[in-house]
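Numbering (this note's numbering), first residue to last: 71 to 178.
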């Protein structure tokens with residue numbers, strides 16, 4: 071990765087190695103890292119259901135399980151809506167982070 075043409079061009083311009091790594095290499099590498107972190111946050115949100123039930127913690131996971139067991143469909147719909155809205159907001163935050171990391175990314 072450090073032998074890409076844009077890295078070699080930055081070095082040829084005489085930029086310090088720290089600037090080359092932070093400004094050019096790290097920015098392009100962070101896009102992949104942010105994507106993976108966004109996916110992991112959504113997995114953690116879905117895994118909270120299991121943790122809340124196992125450890126008897128109050129939260130949306132236990133509430134959704136109680137709604138399933140009691141056949142309370144409106145409460146189940148509300149908890150599913152909350153989980154999906156959290157996932158949508160995490161994906162929105164990831165997309166907004168892309169814009170700050172790489173200004174060449176444009177949204178129509």
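For glycine and all other residues, C-beta sits at the position ideal for the given N, C-alpha and C.
Since we're looking at a predicted model, the values are computed, not measured.
DSSP, reduced to helix, strand and coil, places residue 72 outside both helices and strands of the structure shown, so it counts as coil.
For the pair of segments examined, the stretch 120 to 130 was found not to touch the stretch 72 to 83: the number of CB pairs separated by less than 8 Å stays below three.
Annotation: the continuous alpha helix (DSSP H) that includes residue 168 extends over 143 to 171.
Contact between residue 152 and residue 130 is confirmed by a C-beta separation of about 6 Å, below the 8 Å threshold. Following the DSSP letters along the chain, one finds residue 98 inside the alpha helix (DSSP H) bounded by residues 96 to 125.
Under the three-pair Cβ rule at 8 Å, the stretch 167 to 177 counts as touching the stretch 90 to 110.
Under the three-state reduction of DSSP output, residue 85 falls in the coil class, being neither helix nor strand. Taking residue 81 as the centre and dropping the five residues before and after it, the same chain places the C-beta of 90 closer than 7 Å to its C-beta, in chain order.
Under the DSSP assignment, residue 133 falls in the alpha helix (DSSP H) whose first and last residues are 130 to 140. Between residue 133 and residue 149, the C-beta spacing is below 7 Å.
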